[in-house]
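Peer 1:
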Amino acid sequence: MDPTDVKTEKQASSLTIGTLFEPLASCSSQFIKTQCVTHNHEILICGDYFKRDCYSYHILKDQYKHVCSYPSSVQLDGHCVIKCINNANDNANELILLSFGGQSNGKKKHTLIMKYVSVWDNDNVDNGNTSNNNDT
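Residue 114 in full-length UniProt numbering is what sits at position 114 of the sequence shown, and the numbering runs on without skipping anything.
1) Leaving out five residues before and five after Cys46 in sequence, what residues of the same chain have Cβ atoms less than 6 Å from its Cβ?
2) Quick one: give me the first and last residue of the beta strand (DSSP E) that Thr34 is part of.
3) Could you compute how far the alpha carbon of Ser73 sits from the alpha carbon of Gly106?
4) Taking DSSP as the reference, what is the three-state secondary structure of Leu98?
5) Kindly indicate which residue of Trp120, Met114 and Gly102 has the alpha-carbon position closest to the one of Asp48.
6) So, do the stretch 84 to 96 and the stretch 57 to 76 have three or more beta carbon pairs nearer to each other than 8 Å?
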């Protein structure tokens with residue numbers, strides 16, 4: 001190994017986190033053991049260990065919006081969320097999510113499907129009323 005390579009590696013390892021990451025908007029919720037999937041310019045945050053709320057973070061707008069909540073009977077201990085790709089779908093803003101969970105011993109297991117439509121499309125405003133079409 002060339003001694004100049006070692007120097008370069010040491011310099012690279014001395015970079016601070018501040019030079020690698022830039023701060024973005026904070027969400028009002030704290031997330032623990034959450035599941036996330038991407039969709040267009042969104043990151044969908046699908047519940048966590050303590051809360052059943054789902055959010056969308058818009059990458060370009062640097063903002064969060066509440067999407068929906070899991071049913072109260074669902075426990076998200078060990079849940080997994082996947083995005084289903086449907087090439088036959090004519091609506092590029094529509095997404096199918098599957099949620100599997102309750103995988104801990106003695107926990108009720110669930111399998112849920114959600115047809116997600118972006119909460120950012122025209123801000124879902126119709127005649128001044130905010131609407132949300134996402135239900136689990």
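The beta carbon of each residue, even a glycine, is placed where N, CA and C say it ideally should be.
Values in this document were obtained by computation on a predicted structure and should not be read as measured data.
Peer 2: Taking the geometry as given:
1) Gln35, Cys54 and Val81
2) Premise fails: Thr34 is in no beta strand (DSSP E) and is neither H nor E.
3) 14 Å
4) strand
5) Gly102
6) no
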